[in-house]
Amino acid sequence: MTEENQNEGQVEINWMPLTSAGILKVKLPDQTVKFLTELTDIILSDDPDLDGLSYDDRLAGQIKEGKQRLIPLTEETKKSKAMSAFLTFSNNLCLEWMNAYMHYNPKAMATWNDTISVDIYEFWVNEQLAGDYNPLHNHCQPFAALSSIIYLKVPEQITSPSSNSDDGRIKFLWSDRGSPHMLEFPGILSLTPEVGDYYVFPAWLNHEVCPFRGEGERRSLSWNAKLWF
């Protein structure tokens with residue numbers, strides 16, 4: 224599958240099916256990564272006026288060295304050509320996710336139709352330094368249907384071919400019905416983040432982020448989206 228990304232041609236979209244849903248993975252173009260990195264550089268800067276954007280009280284992340292901050296989605300910020308293009312692209316990814324979901328779950332077609340609307344209503348950045356991590360959690364809220372993770376910076380030691388540890392990896396867990404007596408365990412998908420990776424997944428999907436050691440920054444963006452018809 225491919226998606227037209229306004230001024231930047233086509234990007235590849237991969238579907239990774241789980242038991243009853245799945246994850247879409249996209250590799251963002253360098254130009255989009257640059258825009259999002261510069262945007263988050265501003266949001267994460269040591270400006271006292273930005274302290275009000277702290278999202279620590281809303282998120283599961285155990286962040287002692289880095290920051291978690293809201294990215295306001297106001298009418299003013301949406302006027303930016305780059306932000307508008309990114310949100311439009313992300314909305315289309317949500318629709319792509321729903322198309323794949325209905326393909327793997329035909330019964331869903333009885334509930335959803337071709338007039339699905341998307342509203343990305345919450346958007347934030349996570350800056351994680353050595354020792355910071357996210358415990359097992361999900362994004363289930365009264366309105367959230369889909370969520371995302373976008374990687375902008377990744378410490379070199381995490382992606383090193385010689386690394387065989389879980390440091391800095393993200394793990395998705397999609398079942399809690401495992402039975403140790405029957406040698407059945409919850410499904411776990413463990414992924415090494417890379418700059419430009421963009422994942423879209425159902426908000427109920429449990430996930431955790433392992434801490435890492437050493438220098439560098441692990442920076443990611445996330446949003447929650449509503450869907451209705």
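Residue numbers (our numbering): 224 to 452. Note that beta-carbon positions come from the ideal geometry of N, C-alpha and C, so glycine has one too.
| query | result |
| --- | --- |
| Inter-stretch contact at 8 Å, needing at least 3 Cβ pairs: the region 375-390 / the region 250-262 | yes |
| Given 8 Å, three or more beta-carbon pairs between the region 348-361 and the region 303-318 | no |
| Beta-ladder partner(s) of L369, from DSSP | P425, A448 |
| Minimum C-alpha distance to I393 - residue among I381, T415, N387 | T415 |
| Nearest residue (CA-CA) to A367, options W238, P252, S445 | S445 |
| Beta-carbon proximity check, V348 vs L450, cutoff 8 Å | no |
| Test: L444 CB closer than 8 Å to a CB of chain B | No chain B appears in this structure, which consists of one protein chain only. |
| Residues bridged to K394 (per DSSP) | S413, E431 |
| Host beta strand (DSSP E) of V249 (start-end) | 245-250 |
| Endpoints, beta strand (DSSP E) assigned at Y344 | 340-351 |
| Unbroken alpha helix (DSSP H) run spanning L262, endpoints | 253-266 |
| Through-space distance from G245 to Y324, alpha-carbon basis | 7 Å |
| Among W238, D264, V234, K290, nearest to P252 - alpha-carbon criterion | V234 |
| Residues of its chain near I339, where Cβ-Cβ distance is below 7 Å and the 5 sequence neighbours each way are ignored | L318, M321, L450, F452 |
| Y374 in three-state terms, based on DSSP | strand |
| Buried or exposed by the 16-neighbour rule on C-beta atoms within 10 Å, applied to R199 | Limits of the chain in this structure are 224 at one end and 452 at the other, which puts residue 199 out of reach. |
| Residue span of the beta strand (DSSP E) that contains L318, given as start and end | That residue, L318, is in no beta strand (DSSP E); its alpha helix (DSSP H) goes 304-327. |
| Y422 and S371 closer than 8 Å at C-beta | yes |
| Under 8 Å between C-beta atoms of F435 and Q380 | yes |
| For L247 and L453, believed in contact at Cβ under 8 Å, the rounded distance | With the chain represented from 224 up to 452, any question about residue 453 goes unanswered, as that position is not in the structure. |
| Nearest to D274 (by Cα), restricted to the options G284, T255, I294, Q285 | I294 |
| Endpoints, alpha helix (DSSP H) assigned at K301 | 298-301 |
| Nonlocal neighbours in the same chain, by C-beta distance under 7 Å from E288, ignoring five residues either side | L352, A353, G354, D355 |
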